[in-house]
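Numbering (numbering that gives the first Met the number 0), first residue to last: 0 to 678.
Below is one structure, written out as structure tokens; the observations come after it.
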Amino acid sequence: MARESAHSNRLLSCGKSVGSRDTLSDSICVWKVRVKPRAQKEAVLNLFSRLSLFVTASAWLLVAGSALSGAPAAMPVLIPLPAQYTMLDGSFVLGSSTAIHVAEPAAETARILADAIARSTGIKAPVRLEARPTPRDGAIVLCLDPSRAKLGDEGYALDVTPKGVVIIAAKSAGLFYGMQTFRQLLPLEPSKGRTEYLVACVNIDDSPRFGWRGYMLDSSRHFVTKATVLKLLDALAIMKINVFHWHLVDDNAWRLAISKYPDLVKPAAIKGDAYTQAMGYYSASDVSEVVARAKRLHIRIVPEIEMPSHATQAASVLPEACCLGADGKPLPPGATREICLGSDKAIETLQDILIETMALFPDSPYIHLGGDEAEDRHWKACSRCQARMAALGLADPRLLQKWFMDKMSRFVREHGRTSMAWADRLSLGIPEGQVVHGWHAGELEEAVAKGFRAVQSQHDYTYFDYGQGPGDSAFGNASLTTEKVYALDPVRGLAPEQAKLVLGTQAQLWTELVTDDRVFEKTFPRILALAEVGWTPQDKRDGKEFARRLEAFLPRLAALGIPYFKPGVPLGTWKPEQMSETWKDLEWTITEQVNKPGPLTVVLLYQRGLHALEIESVALFEDGREIRRDNHKGRTGAAHVENTYRLNVPAPKAGATYTLRARIRSDGGTDSYGVVLLY
Ligand SMILES: [Zn+2]
Numbered sequence: 000m001a002r003e004s005a006h007s008n009r010l011l012s013c014g015k016s017v018g019s020r021d022t023l024s025d026s027i028c029v030w031k032v033r034v035k036p037r038a039q040k041e042a043v044l045n046l047f048s049r050l051s052l053f054v055t056a057s058a059w060l061l062v063a064g065s066a067l068s069g070a071p072a073a074m075p076v077l078i079p080l081p082a083q084y085t086m087l088d089g090s091f092v093l094g095s096s097t098a099i100h101v102a103e104p105a106a107e108t109a110r111i112l113a114d115a116i117a118r119s120t121g122i123k124a125p126v127r128l129e130a131r132p133t134p135r136d137g138a139i140v141l142c143l144d145p146s147r148a149k150l151g152d153e154g155y156a157l158d159v160t161p162k163g164v165v166i167i168a169a170k171s172a173g174l175f176y177g178m179q180t181f182r183q184l185l186p187l188e189p190s191k192g193r194t195e196y197l198v199a200c201v202n203i204d205d206s207p208r209f210g211w212r213g214y215m216l217d218s219s220r221h222f223v224t225k226a227t228v229l230k231l232l233d234a235l236a237i238m239k240i241n242v243f244h245w246h247l248v249d250d251n252a253w254r255l256a257i258s259k260y261p262d263l264v265k266p267a268a269i270k271g272d273a274y275t276q277a278m279g280y281y282s283a284s285d286v287s288e289v290v291a292r293a294k295r296l297h298i299r300i301v302p303e304i305e306m307p308s309h310a311t312q313a314a315s316v317l318p319e320a321c322c323l324g325a326d327g328k329p330l331p332p333g334a335t336r337e338i339c340l341g342s343d344k345a346i347e348t349l350q351d352i353l354i355e356t357m358a359l360f361p362d363s364p365y366i367h368l369g370g371d372e373a374e375d376r377h378w379k380a381c382s383r384c385q386a387r388m389a390a391l392g393l394a395d396p397r398l399l400q401k402w403f404m405d406k407m408s409r410f411v412r413e414h415g416r417t418s419m420a421w422a423d424r425l426s427l428g429i430p431e432g433q434v435v436h437g438w439h440a441g442e443l444e445e446a447v448a449k450g451f452r453a454v455q456s457q458h459d460y461t462y463f464d465y466g467q468g469p470g471d472s473a474f475g476n477a478s479l480t481t482e483k484v485y486a487l488d489p490v491r492g493l494a495p496e497q498a499k500l501v502l503g504t505q506a507q508l509w510t511e512l513v514t515d516d517r518v519f520e521k522t523f524p525r526i527l528a529l530a531e532v533g534w535t536p537q538d539k540r541d542g543k544e545f546a547r548r549l550e551a552f553l554p555r556l557a558a559l560g561i562p563y564f565k566p567g568v569p570l571g572t573w574k575p576e577q578m579s580e581t582w583k584d585l586e587w588t589i590t591e592q593v594n595k596p597g598p599l600t601v602v603l604l605y606q607r608g609l610h611a612l613e614i615e616s617v618a619l620f621e622d623g624r625e626i627r628r629d630n631h632k633g634r635t636g637a638a639h640v641e642n643t644y645r646l647n648v649p650a651p652k653a654g655a656t657y658t659l660r661a662r663i664r665s666d667g668g669t670d671s672y673g674v675v676l677l678y
């Protein structure tokens, strides 16, 4: 959405109850043998060293020995942190005879677990389907027990004992989240030659703080491929994210194929902006694949069909969707981003599109209608819109917009779904039953005060297009660190009655500056912080402790093949007055950074301005004498090409001054700003 700085853009009720352990002994799925808690329970340590529990005979002795000697218990690195957990003595031995026992409704969860075990250990644990699985020695048992309703829709209990592993939940989503926690107890990757692995004994009772733990992807500004979307869903599910809000249409491009209106996804509908439209769209079969994956991962999709603004493409190609100009003729394609609200035909067309959207997303209880940032100048000038206002007795075009949003929201409700929209002029009134998506400070508070349900997406905590540190792109130079994301409390300052109306929280990835290949780096690791905001009880959260746990968790992301952002050390910058369209040298002193022999990786990164930087070489100088050079052509602008330079530094000489020199020119003008980063 448009934004000078913070703009635009933008689940399920809170199952807060935590299951009581007292009832466990009655459950069909619980071991009779209890294991005593370790003395130190909640210390959070870097557990990988300890918990990566591989096992040869000697390793086994090592681990057992530390337990016997009373060494501190190692807490696994779990994100999001469970509501309640207790480390126990002993370990479960995962080996070639370990099987996963499950009843059919949760078979998919068992298969995902089998894949995770294979990835972490190389062990191929078979999935055994049973009508009523019960605990047994040496096995992993996933047990659905509707009598455990106290666990809520998404809660679970996980017991790892020397005898076996039991995950129990009242609903299949709970088993899925128990499985996701268990896989964080496994080693990062297999160790060569090992056939058995130890899993530390633990007892966890867990359920989420909020039922809406969302992530929004803007697929309009830059097209995000289906392959990336599927991989992203897999990764989000590991963090227990359960809502995927899919921003499918905007001014730049309409990405959802609608069979009745095929022109929507055709390129060149808007002159001059055809390149982004041409990047792609999602066919019905693409959508069906994404819907199936999301279902398997217990993620709900919220499709967004933005209206009445952010609709340049729709206004350009749909019948009568474009307002009339002073001459009584439709405005030319691309001239307006608003839908004509005076046209019955346009409204019927949008309703057709919503019907098809609901059919494409049959499991989606919420349909997002956008609803924000409309301008009213075309409505004021359009004879059709004026006639509608006169017929309705409205003096203000903003009330026409409200009439339209009420109508579309009612339409969605009549089709058995709930509408959602970005907060916009809430003072004019909110359509009945609509979920309000707050993205400015105060909007969520206003919505819940009026008795509406709301999702907290305040931009300065949740807009992942903002920069996360040196080396990251930043929309409008805005900054959002992982630490800041973690500081969000979605219900801060609300009275308990109002807090109940807050469904949860959600991250937004707007893609004006984000291409398909950078979606993961913009999302991770910040989404880990948001996942914990949404899952973990507020009184169990601590920013400093989370930062340490996150650091220890990063190798797991790497092992899972999930790219994440790594900040560089800024060495220097460039700006327009240093630029030239002919080749020249720029130099930065980096004596402080050249403190040991070894590889030095330098990235020249464009940040803003009209013109890209071309690079011919980067060299290292010692007291003015060149000692290393990486000679290759690179470029950094909206896209980066070969802009990483590697220099193998010799042993530094005491007292010497080291400088970095880049041979560069700017392309087509001198308006270029950037930063030089060391990795
Ligand atoms: Zn109009």
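For glycine and all other residues, C-beta sits at the position ideal for the given N, C-alpha and C.
None of these values were measured; they are calculated from a predicted model.
Spatial neighbours of residue i within its chain, please: C-beta separation below 7 Å, excluding the five flanking residues on both sides.
i              : result
alanine 148    : Ala169
valine 640     : Gly633, Arg634
tryptophan 534 : Pro79, Pro207, Arg208, Arg212, Lys239
glutamate 511  : Arg220, Asp464, Phe474
arginine 624   : none
Pick helix, strand or coil for residue i, following the three-state DSSP scheme.
i                 : result
cysteine 384      : helix
isoleucine 298    : coil
glycine 199       : A small fix is needed here, since residue 199 is alanine in this sequence, not glycine. Strand at alanine 199.
aspartate 423     : coil
threonine 335     : coil
serine 478        : strand
serine 4          : At serine 4, the pLDDT of 31 sits below 50, so the modelled position is not reliable; the number obtained from the coordinates is stated separately. In the structure shown, serine 4 sits in coil (DSSP, three-state: anything other than H, G, I, E or B).
arginine 491      : coil
methionine 178    : helix
threonine 275     : helix
alanine 661       : strand
valine 593        : coil
glutamine 183     : coil
glutamine 455     : strand
proline 329       : strand
phenylalanine 222 : coil
Is the separation between the beta-carbon of residue i and that of residue j shorter than 8 Å?
i                 : j             : result
aspartate 233     : lysine 294    : no
alanine 172       : arginine 131  : no
aspartate 488     : glutamine 457 : no
leucine 676       : glycine 470   : yes
valine 76         : glutamine 183 : yes
cysteine 381      : glycine 333   : no
valine 289        : leucine 247   : no
valine 165        : cysteine 142  : yes
arginine 336      : alanine 314   : yes
phenylalanine 175 : threonine 85  : no
glycine 636       : tyrosine 678  : no
Closest by CA to residue i, which one among the options?
i              : options                        : result
valine 242     : Trp211, Gln455, Glu319         : Trp211
glutamine 312  : Met215, Ile366, Asp351, Tyr260 : Tyr260
glutamate 615  : Asn642, Glu621, Gly623, Thr590 : Asn642
alanine 277    : Ala156, Asn251, Val286, Ile122 : Asn251
leucine 425    : Arg412, Glu413, His631, Ala440 : Ala440
glutamine 505  : Leu398, Val532, Glu550, Cys381 : Val532
tryptophan 509 : Ala98, Ala477, Ala325          : Ala477
aspartate 136  : Lys162, Leu255, Ile257, Phe451 : Lys162
proline 596    : Lys583, Lys652, Leu585, Ala618 : Lys652
For residue i, is the classification buried or exposed, using 16 other Cβ atoms within 10 angstroms of its Cβ as the cut-off for buried?
i             : result
lysine 401    : buried
glycine 668   : exposed
proline 598   : exposed
arginine 607  : exposed
histidine 297 : buried
arginine 387  : buried
aspartate 114 : exposed
alanine 226   : exposed
Between which residues of its own chain and residue i is the CB-CB distance below 6 Å, once the five residues before and five after are set aside?
i                 : result
valine 159        : Phe91, Val198, Cys200, Val201
phenylalanine 545 : Tyr485
leucine 559       : none
aspartate 622     : Ala655, Thr656
Excluding sequence positions up to five away, which residues of its chain have a Cβ less than 8 Å from the Cβ of residue i?
i             : result
aspartate 423 : Gly370, Asp371, Glu372, Ala373
leucine 443   : Ala422, Val435, Gly437, Ala453, Val454, Gln455, Gln457, Pro489, Val501
Hey, is residue i's beta-carbon within less than 8 Å of any beta-carbon in chain B?
i          : result
serine 315 : The structure shown contains no chain B; it is built from a single protein chain.
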